[in-house]
Each structure stands twice: as C-alpha cells, then as structure tokens.
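For the working numbering, add 9 to where a residue sits in the sequence shown, where the first one is 1. These notes are about the structure you will find just below.
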Amino acid sequence: MNNIVIVIPSLDPDKRLIDLLISIRKKETDEISIILIDDGSSAEYAHFFDEARKKYDAIILRHKENMGKGAAIKTAIRYFLKEMPDKDGIVTIDSDGQHRFDDVVNCVNVFNGNPGSLVLGVRKFGKEVPFRSRFGNELTSKLLRIFSGISISDTQTGLRVIPRDFCSLLLKTNGERFEFEMNMLYSAREHNIPIIEKSISTVYLDGNKSSHFRVIHDSLLIYSSFIRFSLSSLVSFLIDVGIFAFFMFAYSSRSFLTITFASFLARFCSSVFNYSINQKIVFEGKSSHSISKYYLLVVFQVFVSSYFVTFLHDVSDLNTVFIKIIVDFILFFFSFYIQKRLIFRSE
C-alpha cells in the first residue's frame with residue numbers, strides 16, 4: 010500500500026475529513042503519503058486542514074479560489090510526479106467519508122496485481138441510493154457505452170487507483186471540474202489503459218447533501234461533448250434536409266441515382282459546416298488526416314442513407330424527406346461514435 014499516494018480533493022470539509030484521516034492512520038500497516046488539496050475553502054474551514062497537516066501528516070496543497078475537482082486532482086498529480094518519483098501511482102478518494110479505507114486497500118491490491126491499469130471502486134445503485142445519484146450514474150453509463158464502447162457500472166466514482174504513467178497523460182486531459190472524471194475514462198480508452206472494476210461499499214450520508222455537485226451546471230459539463238455534437242449535427246441536419254427537400258421538390262424522379270445525387274449535394278454543403286465545427290469545438294481533436302477520414306465517413310453514410318431511403322420509399326407510401334429524416338437520425342449515433350473514436354481522436 011505504501012507504493013501508492015492517497016489524494017483527497019476537498020472543499021469546505023467537516024469533521025468527516027478528520028474521521029477519514031484517523032481511519033487511515035489507525036489501519037495502515039506502513040505509513041502512507043496523503044496529499045490533501047484545499048480547493049479554495051472558506052477561511053472558517055482552515056482549521057481542518059491545519060489539523061490534517063499537524064496531527065495526521067498530510068501534505069496540504071492549496072488553491073486560492075475554487076477551481077474544481079478535476080483541477081484539484083491535477084494539482085496533486087503535478088506534485089506527485091515531481092516530488093514522489095518512487096511511487097507507482099495515486100488513489101483518489103472523497104473527503105466526506107463515502108470511501109472506506111478497507112475498500113481503498115482492496116482497490117490498491119487489485120492495482121498491484123494489474124500494474125498499469127486504472128482501477129475503479131464501483132458502487133451498487135439500489136433503491137437506497139439518492140435518486141439524482143442513481144439516475145445520473147445510469148444515464149452516464151449508458152451514454153458512455155453507446156458512444157465509446159466502454160462498459161462501466163459506476164462512471165462517477167471518486168475512488169480510483171491511477172498508475173503513474175497515466176497520471177502524466179491526465180494533465181493533458183480536458184476538464185477542471187466533475188467532467189474530468191468522465192474524460193478520464195475516455196482518455197484511458199484512447200491510450201489503451203485497461204480499466205478494472207472492484208466492488209466497494211455504497212455509502213451515502215444525509216442523502217449525499219455534502220456533495221458539491223451542481224446538478225445542472227456540472228451535468229452540462231459532463232455531457233458537453235455529446236451536447237455540442239448534437240447541436241452541431243442538428244444545424245448540419247437542417248442544412249442537409251433543406252437542400253435535399255428542395256431537390257426532391259424540383260425533380261419528380263425518385264430513383265436511386267436521383268436520391269443519391271441529391272444526398273451527395275446536400276451532404277457536401279452541410280459537411281463543410283459540420284467538419285469545421287466538430288474539429289474546432291466539439292471534439293477539439295488534433296488527429297492527422299482528419300479531413301480525409303471525415304469525408305470517407307460522409308461518402309459511406311450518403312450511400313447507406315440513399316440505399317435505405319430508396320428501399321423504404323419503394324416498399325411504402327411514406328414521404329421521401331420523412332424517410333431520410335428517420336434514417337439519418339439513426340446514423341447520427343453511428344457517426345458520433347466513429348468521429349470521436351477514429352476521426353477526431355487526439356494523438
């Protein structure tokens with residue numbers, strides 16, 4: 010266990026932080042290094058950090074103002090990489106007592122048996138878990154599975170054992186607040202870091218009232234990539250369908266050749282806008298040859314869309330434009346996955 014450094018981000022803590030430190034020091038077999046980050050706490054909470062430093066030998070790193078959980082973890086990582094070259098990694102835990110030291114030890118043991126892996130301490134989300142936590146976790150788990158292929162039961166767990174090499178990569182990972190924990194999972198996938206789950210106790214104190222998670226603001230940050238992609242795709246979709254509908258109105262033919270030509274014309278116009286927005290704003294990727302890969306995807310999608318639009322028009326009495334809307338909506342999810350994983354993936 011002493012090959013790992015415990016990292017605890019904290020904002021306006023209470024006695025539970027001290028109880029956590031007491032538990033660690035009582036149960037540890039060898040003295041463990043603890044990095045405690047004061048993420049801009051008010052002056053009235055300073056005595057908790059002073060006690061942590063004086064009585065429990067915690068290293069205190071301070072932010073003058075609140076910068077967010079992701080920023081706090083990155084501050085700890087910078088210190089860890091510079092000052093602790095002999096350690097194999099860090100384990101992040103919350104300061105409010107939701108993570109038991111026994112679970113921390115179990116996760117570190119899994120890590121020691123699988124060096125180089127990202128180990129997540131995952132909770133079970135039964136009816137006793139507050140609704141906002143249960144709903145939010147289920148939603149993010151499903152979105153993560155759909156759009157990245159990563160299957161994880163607890164995407165927002167704060168108990169994570171992070172290997173040293175991955176720590177260096179995380180300093181370049183986007184996100185300063187709670188979205189950083191989601192982006193960490195994307196980054197692990199992109200850099201082929203194995204992700205291992207270890208079951209831990211599910212502890213929610215006072216309905217999780219101590220959480221600093223802002224439901225609307227932080228949820229928007231967590232889902233920001235998908236939201237930006239959806240908005241970009243919506244505008245591109247309106248351009249695409251508008252041009253396609255105009256062409257269908259101007260010509261009476263509904264042959265595969267006519268529909269394909271109209272689809273290519275419409276998609277070319279909308280794709281110029283879509284590529285620019287997705288590259289610069291949505292995925293912020295710096296992948297080489299992204300434009301060639303993007304337009305290969307466009308050509309493939311146009312042929313697939315044209316085929317199904319023609320086929321469904323021939324076997325039904327539905328309007329061609331309406332069919333195209335349905336088909337392209339389904340292809341939207343496929344497109345997000347391909348663009349995020351292959352086209353705009355940062356190198």
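Think of the CB as a built atom: it goes at the ideal place given N, C-alpha and C, for glycine as much as any other residue.
*Alpha carbon to alpha carbon, how far is SER104 from ILE43?*
Rounded to the nearest angstrom, the two C-alpha atoms are 12 Å apart.
*asked:* Can you give me the C-alpha to C-alpha distance between MET124 and ARG71, rounded to a whole angstrom?
replied: Checking the displayed sequence, the identity of residue 124 turns out to be Pro instead of Met. For the pair PRO124 and ARG71, the Cα-to-Cα distance works out to about 30 Å.
*Taking the Cβ atom as the reference point for each residue, do ASP47 and PRO18 lie within a distance shorter than 7 Å?*
Taking C-beta atoms as the reference points, ASP47 and PRO18 fail to come closer than 7 Å.
_Whether THR269 touches SER315 by CB criterion (7 Å)_ = In this structure, SER315 lies closer than 7 Å to THR269 by Cβ.
_Using the three-state DSSP reduction, which class does HIS56 fall into: helix, strand or coil?_
Three-state DSSP puts HIS56 in a helix.
*Run of the beta strand (DSSP E) containing LYS207, from where it starts to where it stops*: Unbroken beta strand (DSSP E) run through LYS207: 204-208.
*Does the beta-carbon distance from ILE41 to ILE15 come in below 7 Å?*
At the C-beta level, ILE41 and ILE15 come within 7 Å of one another.
*asked:* On the DSSP letters alone, give me the boundaries of the beta strand (DSSP E) that ARG71 sits inside.
replied: Per DSSP, ARG71 is one residue of the beta strand (DSSP E) stretching across 68-72.
*Grouping DSSP H, G and I as helix and E and B as strand, with all else coil, what is ARG169?*
DSSP, read as helix, strand or coil, puts ARG169 in strand.
_Neighbour-count burial assignment, PHE203, 16 or more Cβ in a 10 Å radius_ = According to the sequence displayed, residue 203 carries Pro and not Phe. PRO203 comes out exposed.
*DSSP-derived helix/strand/coil call for SER126*: Assigned with DSSP and collapsed to three states, SER126 falls in coil, not helix or strand.
_alpha helix (DSSP H) segments (min. 4 residues) lying fully within the region 297-325_ = Within the region 297-325, the complete alpha helix (DSSP H) segments of 4 residues or longer fall at 299-324, listed in chain order.
*Report yes or no: do the region 181-189 and the region 95-110 share at least 3 C-beta pairs separated by less than 8 Å?*
The region 181-189 vs the region 95-110: no contact.
*asked:* If I follow the unbroken alpha helix (DSSP H) through ILE102, where does it start and stop?
replied: Neither: ILE102 is in no alpha helix (DSSP H) and is coded neither H nor E.
*For the candidate residues ALA197, ARG87, SER210, whose alpha-carbon lies nearest to that of LYS133?*
The closest CA to that of LYS133, considering only ALA197, ARG87, SER210, is found on SER210.
*Do the CB positions of SER245 and SER279 come within less than 7 Å of each other?*
Taking a C-beta distance under 7 Å as the contact criterion, SER245 and SER279 qualify as a contact pair.
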